[in-house]
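Each number in the numbering used here comes from the position in the sequence shown (counting from 1) with 240 added on.
We treat Cβ as the ideally placed atom computed from N, Cα and C, and that holds for glycine.
Down below is the structure, laid out as structure tokens.
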Amino acid sequence: MGGGEGSVGHAPPPLVQPRSVARVTNRPEGKSQDLDARIMGALRHRVGKTEKAAKPHDWYEASVLALRDDIIDRWFASTSAAHETGAKRVYYLSLEFLIGRLLRDALSNLGVTREMEQALREHGMDLARLEELEPDAALGNGGLGRLAACFMESLASLDIPAFGYGIRYINGMFRQRIDDGWQVELPETWLAHGNPWEFERRESSYLVGFGGEVTSEQGAIRWSPAEKIEATAVDTPVVGWQGKRVNTLRLWTANALDPIQLAAFNAGDHAGALAAQVRADTLVRVLYPADSTPAGQELRLRQEFFFSSASIQDIVRRHVQYCGDVRTLPDKAAIQLNDTHPSVAVAELMRLLMDEHHLTFDEAWDVTRATIAYTNHTLLPEALESWPLPLFERLLPRHMQIVYAINAKVLREARRAGMDDAAIAAISLIDEHGERRVRMANLAFVGAHSINGVAALHTGLMKETVFADLHKLYPERINNKTNGVTPRRWLHQSNPRLTSLVREAIGSEFIADAEKLSELAAMAGDAALGERVDEVKRANKVDLSNHLREMTGLRLDPDALFDVQIKRIHEYKRQLLNLIETVALYDQIRSHPERDWVPRVKIFGGKAAPTYHNAKLIIKLANDIARRINSDPSVGEMLKVVFVPNYNVSLAERIIPAADLSEQISTAGMEASGTGNMKFAFNGALTIGTLDGANIEIMEHVGPENIVIFGLTAEEVAAKRAGGYNPREVIEGSRELCQAVNAISSGVFSPDDPARYAGLMDALYNSDWFMVAADFDAYAAAQRDVDARWEDRAGWRKSAIMNIANVGWFSSDRTIGEYAREIWGVK
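Printed below as a string of structure tokens:
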């Protein structure tokens, strides 16, 4: 258990405070001196360097180790308090935790940033530069993982005892490099020099089995796996606001029981001798290995079971150790499955309760459902995982038996409820349309007492579409918990200039309670405040411009409108719509130089899954368009396009505070929630978006006059798809769209390969599943509305302030509070 249980920025204009000053807290000088002594002690005795010999990375490590000592003490205290009070714990199972850098986060939440700055300054070191040396932890990919990280911080800040469970990926998703506009995937090496934040817990190790046989001995079921891998815990402390609680992020690493077969090695089979360890290593190497091959599918399932099994074993072991009877597990443990990936935890908990602790099936089922809750994050079929039945049965024979037993119980309930064969087929845990497959989302649904969506629209669609029949059978289970983000990371730490300004205006309470930001609303029309918000934004844009110039060589105008779309590259997120409109704007600027165009900087960033051809082609298109536009003197500074390589949390922390316009333009009905939309609004960017995900609720909070909404609704998208939508007719009926599509299709932006984008554009003509053509004219009109708003500087500033003031509800503290009260039964 965590806490030791047995188991270089550029200087801003003088109008605003520099980053290092804006986030200080007043502390006695003695605190800095004490921290200095601890840093020097860590440098000498733990890093093994003298001050004279130490390099910046040595100072970084010494700073972390010195700060970590205080964190460890608080970690111990948090763990002890949970034991002494018999508190119920939350266990959050997630395949991703996109935690980003931790030093600045910990310093800020402990309130010792100034002391660290002063202590390091005495030795000629700059804290901001040392923070840049910390690699982003390669533990996630997108919004799912970042949400999990925000939730972990809020759990600690709200003083809720919690563990996060995941995998300690050695190489993570991948590091993205752009070569000639193409995405190239390289391994992340974030652990190359160790990780000073983590603690290995060798005593918290569990055997995870695969394959083998299931036998019955005197009425008892016995699973004898053919392969066993040891999962060992590696813990990272998660510090809450003001250090009131430190929770644990527990990640699993894998080892073979016999890492080297010496006989084989000595016989000359050197590779074969290491095969078992290599097989174990593959479980923790890469996040989301490609599953387009049978071997890839097997690895994905092995990964999901590996981390789910180790986590459930750990939870049950802890409960038995401290509480005794497994039947009381729901009273002391709340297990939340973050999306469908850990769904096999339902069957694993049932196995442990029945086979190891000898509960009857009905007893085990009651305990399992009362303990587990499930969050669904998407309605996309590929994310509602299912596995070929032969693969599942071969890898997990005992769990296949349990899935069949659960399915029998559920289908009998459905039949007794009067459901017809079609409804029963939809509810079944076994999909029998074509190849028989195990439906993991259905397993999670029936094995949980609560199933929540992550935005109001998404939750409604869950009831009407993918879970419609399950919702009819269990009408009380689906509920909504709209996502949130932690304002400590995404406002206080990422945008210290704005934080300082808001603090001057309304005090500091908003950092702990983001809904206090609402006090700004009364000041939204204050011209002086609006000008200062503008100055803060411009200073952030100068910093970002300088950073992007270092990365890409491109000079950007900080007085231009910074129009940003940074997120995973996927067709439903419609980066393609943005790019086509960019081409249309480019043509308009060249055709009508006499018009008073608003200067724009289009900023894109995000990774495409390695096997997702169209997404990778969209990245190439973005870079091809950028190359052409940025080198065209006829548009000058009126339009620039930049694709930021290797988008991650640290880059988001630079880009979001500098954004003027937040692109949230997914096909309506396909984005579950989004959290980027919330982060941008916290930082005073206006949203341009569809009525999708949490955009709807953001509009309700900030007011329709302070957001730019366009396009089809979810209902209209569904009606078009069902009603014979003809995208060719739409494209040919829109002059600007037709010209832009034809330019891309004919090779204007790809003269080296004129046919490169023909297939991508043909798909728009022939199907347009994601409604790019259908929404183009509305999107283009909305962008011209953005231009008009931008030119009304007073109106834009007021809208920016109204966004900041009215998005406090989207704090992850509020979201976690709802989970705690309404799902977990935790105070």
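Asked	Found
8 Å Cβ cutoff met for P736 and I751	no
Check whether N495 and E470 have beta carbons under 8 Å apart	yes
Cross-strand partners of Y614 (DSSP beta bridge)	L577, I691
Strand pairing of K842, partner residues [DSSP]	D803, V881
Beta-carbon gap between L305 and R329 smaller than 8 Å	no
Reduced DSSP secondary structure (H/G/I, E/B, other) of Y1072	With the chain represented from 241 up to 1067, any question about residue 1072 goes unanswered, as that position is not in the structure.
Where the alpha helix (DSSP H) through A792 begins and ends	According to the sequence shown, residue 792 is Thr rather than Ala. 767–792 is the span of the alpha helix (DSSP H), which, as asked, contains T792.
Minimum C-alpha distance to E291 - residue among S348, S740, N578, L360	L360
Three-way DSSP call (helix, strand, coil) for N886 in this model	coil
Status (buried if at least 16 other CB within 10 Å, exposed otherwise) for R609	buried
Which residues DSSP lists as bridging S902, in chain order	V804, T927
Chain B contact for H787 (CB, 8 Å cutoff)	This model lacks chain B altogether, as it is built from one protein chain only.
V586 to G687 span [Cα, whole Å]	6 Å
Cβ-Cβ separation, L788 to I794 (assumed contact under 8 Å), whole Å	Rather than Ile, the amino acid found at residue 794 in this sequence is Leu. Yes, L794 and L788 are in contact; Cβ-Cβ is about 6 Å, under 8 Å.
Whole-Å CB distance - I670 paired with R676, under 8 Å assumed	6 Å
Three CB pairs or more closer than 8 Å across the region 547–566 and the region 295–312	no
The beta strand (DSSP E) enclosing L757, as first and last residue numbers	L757 -> no beta strand (DSSP E), and no H or E assigned at all.
Spatially closest choice to G845 from S583, P833, N818, by CA coordinates	N818
The region 332–350 touching the region 476–486, judged by at least three CB pairs closer than 8 Å	yes
Bounding residues of the beta strand (DSSP E) (the contiguous stretch that carries Y528)	Segment: none, Y528 is in no beta strand (DSSP E) and carries neither H nor E.
Entirely enclosed beta strand (DSSP E) segments - the region 666–722, minimum 3 residues	677–679, 690–693, 718–720
Buried or exposed (CB count within 10 angstroms, at least 16 for buried), N946	buried
Strand pairing of E955, partner residues [DSSP]	Answer by DSSP bridge pairing: none, since E955 is not bridged.
E633 versus F546 - alpha carbon distance	15 Å
K468, DSSP secondary structure in three states	strand
Within the region 323–388, ranges of the alpha helix (DSSP H) (whole runs, at least 4 residues)	343–350, 353–361, 367–372
Reference R1054, options G364, K721, Y331, closest by Cα	K721
Local conformation of W837 per DSSP, three classes	coil
Helix, strand or coil at A752 [DSSP, three-state]	coil
Cross-strand partners of Q416 (DSSP beta bridge)	E425
Spatial neighbours of I642 in its chain, beta-carbon cut-off 7 Å, leaving aside the 5 residues before and after	A587, M590, R591
Residues that DSSP places opposite S445 in a beta bridge	T472
CB contact flag (V607, P570, <8 Å)	yes
Coarse secondary structure for Y1019, derived from DSSP in three states	helix
Presumed contact (8 Å Cβ cut-off) between G383 and L335, rounded CB distance	In fact, because the Cβ distance is near 13 Å, the residues do not count as touching under 8 Å.
CA nearest to the CA of I859, picked from I820, E972, I896	I820
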